[in-house]
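Numbering (my numbering), first residue to last: 130 to 416.
Here's what the structure looks like:
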């Protein structure tokens, strides 16, 4: 709009110049009447009116031009300020991008460290599993061949520790060793402790259905029926594995004495218990 106004303004100025240049020639061509010297001719009056209208139009165009120029200048200034704001925002975005690049590099290095740690952890867990496999096998065999005392619970604890060991992603090597150490501590407690408890007696015809058992570590387990009529002890011999009834009165009295001592929680006394152990010579003979 501004360029069209300028062109119109230039055209109007050109018309005024042409009109001003042609008016003297027209005035000299027409003779002057002395009687009508103070009056203008109709043609001159029309030209004067056209000139005044043209001047008004030019003034209006000039006013519109300056108004439009002021608006354009304001828009230009606004655009300039917006550009400065955008440049400032762009600079902030560039700084943020640089910060994000540094942060991403930090995250990448941390991720690489975690991957390396995971590889080391996986290797350590494999070593732990490989070292613990013989121990687990020997423990299963020891529980199965040992005295029949809470065997299912002990095997379940061992199995739980093995399952944690096989869980590569969920349990660390330290936790795996901690679970096995808890199991070992419980087994050591059983090996160092003694106790008495009541349970069903072994299936012997005519015997009382319940018996008082005594346990010494993980090696000795015996019982006395509630009626006191029978005593027995667990045999760990391969060929005679199981419960053995004690017919010797002296040995039977030793079993009753062991139960009584442990029931009263008295200090340990020297007892001659009929413990049946497998000797080295018998083992070699069996082989």
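Glycine is no exception: its CB is placed at the ideal position from the N, C-alpha and C atoms. Only a predicted model underlies this, so the values are computations on that prediction, with no experimental measurement involved.
Which word fits residue i, buried or exposed, when buried means at least 16 other C-beta atoms lie within 10 angstroms of its C-beta?
i: residue 182; result: exposed
i: residue 352; result: buried
i: residue 156; result: Confidence at residue 156 is low in this model, with a pLDDT of 45, below 50, so the placement of that residue should be treated as unreliable; the coordinate-derived value is given next. Exposed, because fewer than 16 other Cβ atoms sit within 10 Å of the Cβ of residue 156.
i: residue 363; result: buried
i: residue 172; result: exposed
i: residue 222; result: exposed
i: residue 184; result: exposed
i: residue 327; result: exposed
To the nearest angstrom, how far is the alpha carbon of residue i from that of residue j?
i: residue 211; j: residue 232; result: 31 Å
i: residue 388; j: residue 325; result: 7 Å
i: residue 271; j: residue 319; result: 13 Å
i: residue 215; j: residue 242; result: 40 Å
i: residue 343; j: residue 329; result: 13 Å
i: residue 312; j: residue 255; result: 20 Å
i: residue 289; j: residue 278; result: 19 Å
i: residue 386; j: residue 308; result: 38 Å
i: residue 347; j: residue 306; result: 23 Å
i: residue 237; j: residue 292; result: 33 Å
i: residue 207; j: residue 225; result: 27 Å
i: residue 195; j: residue 175; result: 30 Å
i: residue 189; j: residue 197; result: 12 Å
When DSSP labels each residue in this structure, what does residue i get in the three-state scheme?
i: residue 213; result: helix
i: residue 278; result: coil
i: residue 340; result: strand
i: residue 357; result: coil
Which two residues bound the contiguous alpha helix (DSSP H) that contains residue i?
i: residue 382; result: 378 to 393
If contacts are defined as beta-carbon pairs under 8 Å, then residue i and residue j qualify, I think. What distance do you get, rounded to the angstrom?
i: residue 350; j: residue 284; result: Not really, about 17 Å apart at Cβ, beyond 8 Å.
i: residue 315; j: residue 286; result: 7 Å
i: residue 381; j: residue 345; result: So it is not a contact: roughly 17 Å between Cβ atoms.
For residue i, report the span of its beta strand (DSSP E) as first-last.
i: residue 324; result: 323 to 329
i: residue 351; result: 349 to 354
i: residue 373; result: 371 to 374
i: residue 170; result: First-last for residue 170: undefined, no H or E at that position.
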